[in-house]
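Number of protein chains: 2
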Amino acid sequence: MAITVVGSVAFDTVETPAGRIERCLAGAATYFSLAASYFTDVRVIGVVGEDFGAEQEAVFAARGIDIRGIERAPGKSFFWQGSYLENLNEAKTLQTDLNVFASFEPKIPEAYKDSEFLFLANIDPVLQKRVRDAMPQVKLVGGDTMNYWINDHRANLLKTLAGVDLLLINDTETKLLAGTKNPVKAAQDVLALGPKALVVKHGEYGATAFFGKNAFAKLGLDAHHPFRAPALPLAEVVDPTGAGDSFAGGFFGYIASQPVLTPSVFKRAMFYGGVMGSFTVERFGTERLQHLTREEIEARFAIFRELTHLD
Amino acid sequence: MAITVVGSVAFDTVETPAGRIERCLAGAATYFSLAASYFTDVRVIGVVGEDFGAEQEAVFAARGIDIRGIERAPGKSFFWQGSYLENLNEAKTLQTDLNVFASFEPKIPEAYKDSEFLFLANIDPVLQKRVRDAMPQVKLVGGDTMNYWINDHRANLLKTLAGVDLLLINDTETKLLAGTKNPVKAAQDVLALGPKALVVKHGEYGATAFFGKNAFAKLGLDAHHPFRAPALPLAEVVDPTGAGDSFAGGFFGYIASQPVLTPSVFKRAMFYGGVMGSFTVERFGTERLQHLTREEIEARFAIFRELTHLD
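Residue numbers (our numbering), protein chains in the order written: chain A, 66 to 376; chain B, 66 to 376.
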């Protein structure tokens, strides 16, 4: 079943202890859609500038990703420059040029409107809500956000969260959104804002899913039983950019590929999320995500499973 | 099979967001031995002052712990005062009085000398090595250390580590000991110092075991397959003191209770470590560890297992 994702399609310049890459194809919707494309059909809504050409189109085309919803606008694409030289776990932003993204008005192609899944990547919650409202037929909505929207656009964000089923954010964002430091209380507070499930990403330690009181009770996923998926300890992280978006793509892509959302599907989706994130960080930009095989993905899934599996 | 543990038996005054406790029975050897006592026989080596009386003895006696190796010295017991008011994940030390611990010379009772397991809790590595050398019959040695010994007593620590089979330390200590930030490379470097296995504790995120190149290969535990056990997301942490020592006690106690160390035993031991740590932090001091039942432990083990289990 198809996923529509709305979010940034961008160019990044990134420096890490492993080296530097200039103006590589990036953006949350790019990482998400590449990761999800190994599991299901993906359609992207976004905006790019005149610097987005045949080379970038080919990356999406090679993975069968529908980009008819990526608008071409006069000017340059969204650009981000960051450094991981001081801390591999957190980027230091050196430059952000919104460019064509500053006046982004999502337009949804008719061909996207039978999508059963919608993912609202990290953009202005006003735009997230507009897309969500324009696609009333979707049966499951996933979403992401970040500190900036939590701090400075909270009222708008809360309106959006009321319509999000599965929210994927990190530890810091969860605590900030809830206003409390205890991870369990923070999760409960966030779930009270609307999401049926909250997936809290812990970076190198994996991710934990918390479930709303009644939301998934009929599936056997209830508030008293969180689920935790590991991340693989990696000997080398070349470029952490996009790990979280790749997690979301693997997670949501796997769910969309399955006929019914059962507890088992949800748990496996958490593992597939970790798997896709672990591939992304092995190379700069989207390089690793562009040329995977399903066999490589399944082999790594087996390693993740073994990592925490008791006989 | 019996474990002998050498380490601190102390009194703590602790303040946390949940309240304050004055001069409660504490110390690494205390937490370790109480946690391990639910799995196997435990014998303690340490020193206390005149403030250690019938009330404290009764805590050990109730759990069948042999304290003939706890020397009574003139003066006061080791005392530590700390606060978790600012950060529940890291104590701020307000006061440390070594007292009788300053001149501690471990003495090993004859009755301890048939112990097959030895745990060197966090004390001066010179003393750790002395105890280890005095007990050549032990078949498995576990150990712990801390930043102070790593930074200021490295040469002595390295001599001790050469004789430790299973080292249990946290993320920060691992990176400091190895001198590198990458968790996998740091683990490899630490394993090169002697330990056959390194268990890196991640606090609220659980723990990861790394195995030496040839050390446990015959058991199927090799350098390319780390193992990660989760920690349970807890709605309330009353007092984090002793969580790591309780982890070590549950981990090592379970191993000592099993006839053979297999990969399955090692992995389950990691889960039991997490289980015992999760109980400890639910109450101040050793209160929760004093009155558990094996049924409570098994019930929580089942929750830990379910937390990461794929069908």
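All residues carry an ideal CB built from backbone N, CA and C; glycine is no exception.
Taking 9 Å as the threshold (C-beta atoms), are leucine 231 of chain B and valine 206 of chain B in contact? The count along the second sequence starts at 1 and reaches residue 206 of chain B at position 141. The count along the second sequence starts at 1 and reaches residue 231 of chain B at position 166. A contact, by the Cβ cut-off of 9 Å.
Helix, strand or coil for isoleucine 110 of chain B, going by three-state DSSP, please let me know. By one-based count along the second sequence, residue 110 of chain B stands at place 45. Reduced to three states, the DSSP call for isoleucine 110 of chain B is strand.
Reference threonine 424 of chain A; option with closest CA among A/Ala94, A/Leu375, A/Gly268, A/Lys141: With chain A covering only 66 through 376, there is no way to say anything about residue 424 of chain A.
Where does phenylalanine 117 of chain A sit, in a helix, a strand or coil, going by DSSP? As a position in the first sequence, residue 117 of chain A is number 52, starting the count at 1. Note: phenylalanine 117 of chain A maps to coil in three-state DSSP.
Can you tell me which of the three DSSP states lysine 266 of chain A falls into? Working through the first sequence from its first residue, we reach residue 266 of chain A at position 201. Strand, per DSSP.
Could you pull out every residue in the same chain whose Cβ sits closer than 6 Å to the Cβ of leucine 263 of chain A, ignoring the five residues on either side in sequence? Along the first sequence, read from residue 1 onward, the residue named residue 263 of chain A stands at position 198. Answer for leucine 263 of chain A: Leu232, Ala252, Val255, Leu256, Phe275, listed in chain order.
So, under 8 Å CB-CB, alanine 101 of chain B and glycine 318 of chain B are touching, yes? Tell me the CB distance rounded to an integer number of Å. Reading the second sequence from its first residue, position 36 is the one you call residue 101 of chain B. Reading the second sequence from its first residue, position 253 is the one you call residue 318 of chain B. The pair is a contact, with the Cβ atoms about 3 Å apart (cut-off 8 Å).
Burial state of threonine 358 of chain A, where buried means 16 or more other Cβ atoms lie within 10 Å: Your numbering for residue 358 of chain A matches position 293 in the first sequence. Exposed: under 16 other Cβ atoms inside 10 Å.
Run of the alpha helix (DSSP H) containing lysine 172 of chain B, from where it starts to where it stops: One-based indexing of the second sequence puts residue 172 of chain B at position 107. Careful: lysine 172 of chain B lies outside any alpha helix (DSSP H) and carries neither H nor E.
Of the listed residues A/Gly277, A/Gly271, A/Lys266, A/Ala296, nearest to proline 260 of chain A (C-alpha basis): Position 195 of the first sequence, counted from the first residue, corresponds to residue 260 of chain A. Ranking A/Gly277, A/Gly271, A/Lys266, A/Ala296 by Cα distance to proline 260 of chain A puts A/Gly277 first.
Cβ of valine 249 of chain A less than 9 Å from any chain B Cβ? Stepping through the first sequence from its first residue, residue 249 of chain A is reached at position 184. True, the Cβ-Cβ gap to chain B drops below 9 Å.
What residues of chain B sit near lysine 332 of chain A, judged by a beta carbon separation below 9 Å? On the first sequence, position 267 is the one that residue 332 of chain A refers to. In chain order: Thr373, His374, Leu375, Asp376.
Report the three-state DSSP secondary structure of glutamate 136 of chain B (helix, strand or coil). On the second sequence, position 71 is the one that residue 136 of chain B refers to. Three-state DSSP puts glutamate 136 of chain B in a strand.
Quick check on this structure: which residue in B/Gln202, B/Leu192, B/Asp198 has the alpha carbon closest to the alpha carbon of asparagine 221 of chain B? Locating residue 221 of chain B in the second sequence gives position 156, counting from the first residue. Minimum Cα distance to asparagine 221 of chain B is reached at B/Leu192.
Using CA atoms only, rank isn't needed, just tell me which of B/Gly92, B/Glu363, B/Lys250, B/Tyr149 is closest to proline 82 of chain B. Here the question's residue 82 of chain B lines up with position 17 in the second sequence. Per the Cα distances, B/Tyr149.
Find the residues of chain B that neighbour tyrosine 270 of chain A, judging by a C-beta separation of less than 8 Å, and give them in chain order. If you number the first sequence from 1, residue 270 of chain A lands on position 205. Neighbours of tyrosine 270 of chain A on chain B, chain order: His267, Tyr270, Gly271.
Report the rounded CA-to-CA distance for arginine 197 of chain A versus arginine 133 of chain A, giving the unit in angstroms. On the first sequence, residue 197 of chain A is found 132 positions in, with the first residue counted as 1. On the first sequence, residue 133 of chain A is found 68 positions in, with the first residue counted as 1. Whole-angstrom Cα-Cα distance: 18 Å.
Our contact map puts leucine 90 of chain B next to glutamine 121 of chain B with C-beta atoms below 8 Å; I'd like the distance itself, whole angstroms only. Start at 1 with the first residue of the second sequence, and residue 90 of chain B comes out as number 25. Start at 1 with the first residue of the second sequence, and residue 121 of chain B comes out as number 56. Contact holds; Cβ gap of about 5 Å.
Quick one: is glycine 147 of chain A buried, meaning 16 or more other Cβ sit within 10 Å of its Cβ, or exposed? For the purposes of this step, residue 147 of chain A is taken as the residue at position 82 of the first sequence. Buried: at least 16 other Cβ atoms inside 10 Å.
Less than 9 Å between the beta carbons of tryptophan 145 of chain B and threonine 237 of chain B, yes or no? Working through the second sequence from its first residue, we reach residue 145 of chain B at position 80. Working through the second sequence from its first residue, we reach residue 237 of chain B at position 172. No, these two residues do not count as a Cβ contact at 9 Å.
Backbone CA spacing between phenylalanine 125 of chain B and glutamate 371 of chain A [nearest angstrom]: Counted from its first residue, the second sequence places residue 125 of chain B at position 60. Counted from its first residue, the first sequence places residue 371 of chain A at position 306. C-alpha separation (whole angstroms): 38 Å.
Going along chain A, which residues have a C-beta under 9 Å from histidine 290 of chain B? Here residue 290 of chain B refers to the residue found at position 225 when the second sequence is read from its first residue. Those within 9 Å of histidine 290 of chain B in chain A are Ile368, Glu371, Leu372.
Where leucine 299 of chain B meets chain A, residues with beta-carbon distance less than 9 Å: Locating residue 299 of chain B in the second sequence gives position 234, where the first residue counts as 1. Those are Asn247, Pro248, Val249, listed as they occur along chain A.
Grab the span of the alpha helix (DSSP H) containing valine 79 of chain A for me, first residue to last. Position 14 of the first sequence, counted from the start, is the residue given in the question as residue 79 of chain A. Valine 79 of chain A -> not in any alpha helix (DSSP H); beta strand (DSSP E) instead, spanning 75-81.
With H, G and I counted as helix, E and B as strand and the rest as coil, what does DSSP make of serine 142 of chain B? Along the second sequence, one-based indexing puts residue 142 of chain B at 77. Note: serine 142 of chain B maps to coil in three-state DSSP.
Rounded to whole angstroms, what's the CA-CA distance from threonine 273 of chain B to isoleucine 135 of chain A? Just pull it up for me. Position 208 of the second sequence, counted from the first residue, corresponds to residue 273 of chain B. Position 70 of the first sequence, counted from the first residue, corresponds to residue 135 of chain A. Spanning the two alpha carbons is a distance of roughly 43 Å.
What number of angstroms, rounded off, separates the C-alpha of glycine 129 of chain B from the C-alpha of valine 107 of chain B? Here residue 129 of chain B is taken as the residue at index 64 of the second sequence, counted from 1. Here residue 107 of chain B is taken as the residue at index 42 of the second sequence, counted from 1. If I take the Cα positions, the gap works out to 8 Å.
For serine 142 of chain B, go through chain A and note every residue whose CB falls closer than 8 Å to its CB, in chain order. By 1-based counting over the second sequence, the position of residue 142 of chain B is 77. The premise fails here: serine 142 of chain B is roughly 33 Å from chain A at the closest Cβ pair, so nothing lies under 8 Å.
Assumed close pair serine 180 of chain A, alanine 364 of chain A - CB separation to whole angstroms, cut-off 8 Å: The residue you call residue 180 of chain A lines up with position 115 of the first sequence. The residue you call residue 364 of chain A lines up with position 299 of the first sequence. Rounded, the Cβ-Cβ distance is 30 Å, inconsistent with contact.
Rounded Cβ spacing between proline 305 of chain A and proline 248 of chain B (contact assumed at less than 8 Å): As a first step, residue 305 of chain A is located in the first sequence; it is residue number 240 there, counting from the start. As a first step, residue 248 of chain B is located in the second sequence; it is residue number 183 there, counting from the start. Proline 305 of chain A to proline 248 of chain B, Cβ: 14 Å. No contact.
Against chain A, with Cβ distances strictly below 9 Å, would serine 343 of chain B count as a contact? Here residue 343 of chain B corresponds to residue number 278 of the second sequence, with the count starting at 1. Not an interface residue.
Measure the beta-carbon distance from phenylalanine 49 of chain A to valine 112 of chain A and round it to whole angstroms, keeping in mind my assumption that it falls under 8 Å. Since the displayed chain A opens at 66 and closes at 376, residue 49 of chain A lies outside it and no answer follows.
Where does serine 343 of chain B sit, in a helix, a strand or coil, going by DSSP? Residue mapping note: residue 343 of chain B aligns to position 278 of the second sequence, counting from 1. Of the three classes helix, strand and coil, the one that applies to serine 343 of chain B here is helix, per DSSP.
Our contact map puts phenylalanine 292 of chain B next to methionine 335 of chain B with C-beta atoms below 8 Å; I'd like the distance itself, whole angstroms only. As a working note, residue 292 of chain B is residue 227 in the second sequence. As a working note, residue 335 of chain B is residue 270 in the second sequence. Confirmed, Cβ separation roughly 6 Å.
What residues in its chain sit with their C-beta under 6 Å from that of glycine 92 of chain B, if we drop five residues either side in the sequence? Here residue 92 of chain B refers to the residue found at position 27 when the second sequence is read from its first residue. The answer, listed in chain order, is Ser73, Val74, Ala75.
Counting contacts by CB-CB distance shorter than 9 Å, is leucine 258 of chain A in contact with chain B? Residue 258 of chain A sits at position 193 when you count from the first residue of the first sequence. No, leucine 258 of chain A lies away from the interface with chain B (no Cβ there is under 9 Å from its Cβ).
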